[in-house]
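Chemist: Here it is, the structure, as structure tokens.
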Amino acid sequence: MSDTNGAGVAVFDTDIHHSYRKTADLNPYLPKIYQEKLADYGMGGGGISYANNGGVKGFRADALEDGKAPPGGGVNAVDPEQVRQQLLDGCGIGLGLLTGGAMYGVPSGTDLDYANALCRAFNDFTIEHWLPTDRRFRFAMAVNAQDPEAAAREIDRLADHKEVVAILLPCGAPKAYGHRFYRPIHEACARHGLAIALHFGAEGAATNPAPTAAGYPTYYIQARLARPSFYQAHLASFIFEGVFESFPTLKVALLEAGFAWVPPYVWRMDSDWKGLRHQTPWVKRLPSEYVWAHIRFASQPMDEPEPPSDLLNLVRWMGGERTLMFATDYPHWDWDDPAQSFKAFPPALRRRIFWENAVETFGR
């Protein structure tokens, strides 16, 4: 694919947050009883009141300029044409993964049937209103992981859509995602060649446990800094529950997790496994080997050490030529421009990060 982005390589953006303009946009895809519930009670999953800076793509919500950010100033993009102009064409994105945002709290609710209906409606809305607008869009579909059998049926229903390349699970959950409770989801994804993508969201909300071992942080910056711990719990669960021994083709992508935490965590997993491997005899290889083969990390939020030259060492320590994928996190306030990312890296490594690793993960 030709370079039109200033990055010097083709780009697969692995985290584009999209949504609807208003919840009523889901009504055509919902039974009447759930249309009424949506109008009266909202999405039902609950949320956390931590407030970021209120901006999108560099602009505060109370001072947005026309054409510069999603209409309404929300934290998710609602206009496919604007995403095309501002991101796909504006940054020369060759392929872009739609990862939602509005649905992350839905699986946290107590009404499983309602959560299933909302996930189905959002998926159908995206397939009708987003995917046909540009051939570059790909989609990580919503599922209600707290009803694994229903989630598997939803995966079976939509897996034939070539643009559907993954499922999206929020990190907030009552059980870590390698647990056998989720086995129907693992099986369905492996059966259809879909990746499992994790994104922070709904930690501490509704039926989910507190977001940290010390309870609830006071401020957004504290919650933001705690995010690697969310992903660490799920990553260890996938490996030590033996998911990849059962499903050797399955890929798991950790989106908006950053990546500076990865090398020391993988080193620690390897060290602890050597002393405790008798407790999990089904884990037949070093944890790091499962990570290199099955786990992929999105680049956003970009970790930028001082001096900048140390970034290359960090990426090499995490096996980034196989594991790291680029993401803009559009349209959020701290989004990353591909033209400004990994500029000093060797060309072959940049191709892996910007394109090839994501194609191998989501290309089916």
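Remember, the numbering used here sits 22 above the position in the sequence shown when you count from 1. Beta carbons: idealized from backbone N, C-alpha and C, even for Gly.
Can the beta-carbon of Glu129 be found less than 9 Å from the beta-carbon of Ala248?
Modeler: In the sequence under discussion, the amino acid at residue 129 is Pro, which differs from the Glu named in the question. Contact: no.
Chemist: How many angstroms separate the CA atom of Gln362 from the CA atom of Gln104?
Modeler: The alpha-carbon atoms of Gln362 and Gln104 are separated by roughly 21 Å.
Chemist: At which residue ranges does the segment 202-230 contain complete beta strand (DSSP E) runs of 3 or more residues, listed in the order of the chain?
Modeler: Counting only runs of 3 or more, we get 217-221.
Chemist: Between which two residues does the alpha helix (DSSP H) containing Met291 stretch?
Modeler: Segment 284-298, the alpha helix (DSSP H) holding Met291.
Chemist: Can you tell me which of Leu216, Pro192, Ala258 puts its alpha carbon nearest to the alpha carbon of Gly226?
Modeler: The option with the nearest alpha carbon to Gly226 is Pro192.
Chemist: Assign Ala99 to one of three DSSP states: helix, strand, or coil.
Modeler: The answer is strand: DSSP assigns Ala99 an E or B state.
Chemist: Which residue or residues does DSSP assign as beta-bridge partners of His40?
Modeler: DSSP, once it has assigned bridges, lists Ala99 as partnering His40.
Chemist: Between the Cα of His256 and those of Val274, Pro102, Phe376, spot the shortest distance and give me the residue it belongs to.
Modeler: Nearest of Val274, Pro102, Phe376 to His256, Cα basis: Val274.
Chemist: Can you name, in chain order, every residue of its own chain whose Cβ lies under 7 Å from the Cβ of Leu277, other than the five neighbours on each side?
Modeler: Cβ within range, chain order: Thr36, Asp37, Thr121, Ala219, Leu220, His221, Ala320, Ala349.
Chemist: For the pair the segment 364-371 and the segment 40-54, tell me if three or more CB-CB distances fall below 8 Å.
Modeler: Segments in contact, no.
Chemist: Pop quiz: Ala162 and Ala188 are said to be a contact at Cβ under 8 Å. What is the actual Cβ separation, rounded to whole angstroms?
Modeler: Yes, they are in contact, since the Cβ atoms of Ala162 and Ala188 sit about 4 Å apart, within 8 Å.
Chemist: Assuming the contact rule is C-beta atoms closer than 8 Å, Asn230 and Leu180 should be a hit. Round their C-beta distance to whole Å, please.
Modeler: Wrong, their Cβ atoms sit about 25 Å apart, outside the cutoff.
Chemist: Could you tell me whether the Cβ atoms of Trp357 and Val33 are closer together than 9 Å?
Modeler: Result no, Cβ atoms of Trp357 and Val33 do not sit closer than 9 Å.
Chemist: I think Val305 touches Phe262, with their Cβ atoms under 8 Å apart; what is that distance to the nearest whole Å?
Modeler: With 8 Å as the limit, Val305 and Phe262 qualify as a contact, their Cβ atoms being about 6 Å apart.
Chemist: Thr234 bridges to which residues according to DSSP?
Modeler: The partner list for Thr234 (beta bridge, DSSP) reads Gly237.
Chemist: Residues in its own chain within less than 7 Å of His316 by CB, not counting five upstream and five downstream?
Modeler: The answer, listed in chain order, is Phe266, Leu272, Lys273, Val274.
Chemist: Terminal residues of the continuous beta strand (DSSP E) containing Arg106?
Modeler: Arg106 -> no beta strand (DSSP E), and no H or E assigned at all.
Chemist: Assuming Met291 and Ala245 make a contact with CB atoms under 8 Å, what is their CB distance in whole Å?
Modeler: Not a contact, Cβ separation roughly 25 Å.
Chemist: Just to confirm my understanding: we take Met340, look at its own chain, exclude 5 residues before and 5 after, and list those with CB closer than 8 Å. What are they?
Modeler: Closer than 8 Å at Cβ, skipping near neighbours: Phe281, Val284, Pro285, Val288, Phe319, Leu346.
Chemist: Just to confirm, are Gln168 and Ala137 a CB contact at a threshold of 9 Å?
Modeler: Yes, the Cβ-Cβ distance between Gln168 and Ala137 is below 9 Å.
Chemist: Ends of the alpha helix (DSSP H) at Val337?
Modeler: Counting along the chain, the alpha helix (DSSP H) containing Val337 begins and ends at 332-339.
Chemist: Go ahead and label Gln301 buried or exposed: buried means 16 or more other beta carbons lie within 10 angstroms of its beta carbon, across all protein chains shown.
Modeler: Result: exposed.
Chemist: Whose C-beta lies closer than 8 Å to the C-beta of Pro233 among residues of the same chain, with five residues either side of it excluded?
Modeler: Answer for Pro233: Ile70, Gly194, Glu225, Gly226, Pro239, Ala245, Ala248, Phe252, listed in chain order.
Chemist: Closest to Glu176 by CA distance: which of Arg386, His214, Phe203 is it?
Modeler: Of Arg386, His214, Phe203, the residue nearest in Cα terms is His214.
Chemist: Can you give me the Cβ contacts of Leu308 inside the same chain, cut-off strictly under 7 Å, excluding the 5 residues immediately before and after it?
Modeler: So the list reads Asp292, Trp295, once near-sequence residues are dropped.
Chemist: State the Cα-Cα distance for the pair Val269 and Met65, rounded to the nearest angstrom.
Modeler: Going by the sequence as given, residue 269 is Phe instead of Val. Cα to Cα, Phe269 sits roughly 33 Å from Met65.
Chemist: DSSP puts Met125 in a beta bridge; with which residues?
Modeler: For Met125, which the question treats as bridged, DSSP gives no partner whatsoever.
Chemist: Classify Arg372 as helix, strand or coil using the three-state DSSP reduction.
Modeler: In the structure shown, Arg372 sits in a helix (DSSP, three-state: H, G or I).
Chemist: Report the residue ranges of all alpha helix (DSSP H) runs contained in full by the segment 115-199; include only those spanning at least 4 residues, in chain order.
Modeler: You should have 134-151, 170-180.
Chemist: Mind checking which residues open and close the beta strand (DSSP E) that includes Arg318?
Modeler: That run of the beta strand (DSSP E) goes 317-320.
Chemist: Tell me, which residues are paired with Asp352 by DSSP?
Modeler: Checking the sequence, you will find Tyr at residue 352 rather than Asp. DSSP, once it has assigned bridges, lists Ile38 as partnering Tyr352.
Chemist: When DSSP labels each residue in this structure, what does Val274 get in the three-state scheme?
Modeler: In this structure, Val274 counts as strand in the three-state DSSP scheme.
Chemist: So, under 8 Å CB-CB, Thr131 and Gly67 are touching, yes? Tell me the CB distance rounded to an integer number of Å.
Modeler: It is worth fixing the name first, because residue 131 is Gly in this sequence and not Thr. Correct: roughly 4 Å between the Cβ atoms.
Chemist: Which residues does DSSP list as the beta-bridge partners of Leu13?
Modeler: Any answer about residue 13 is impossible in this case: the structure gives the chain only from 23 up to 386.
Chemist: How far does the alpha helix (DSSP H) with Gln254 in it extend, from its first residue to its last?
Modeler: First-last of the alpha helix (DSSP H) with Gln254: 249-262.
Chemist: Quick check on DSSP: helix, strand or coil for Val305?
Modeler: Correct three-state label for Val305: coil.
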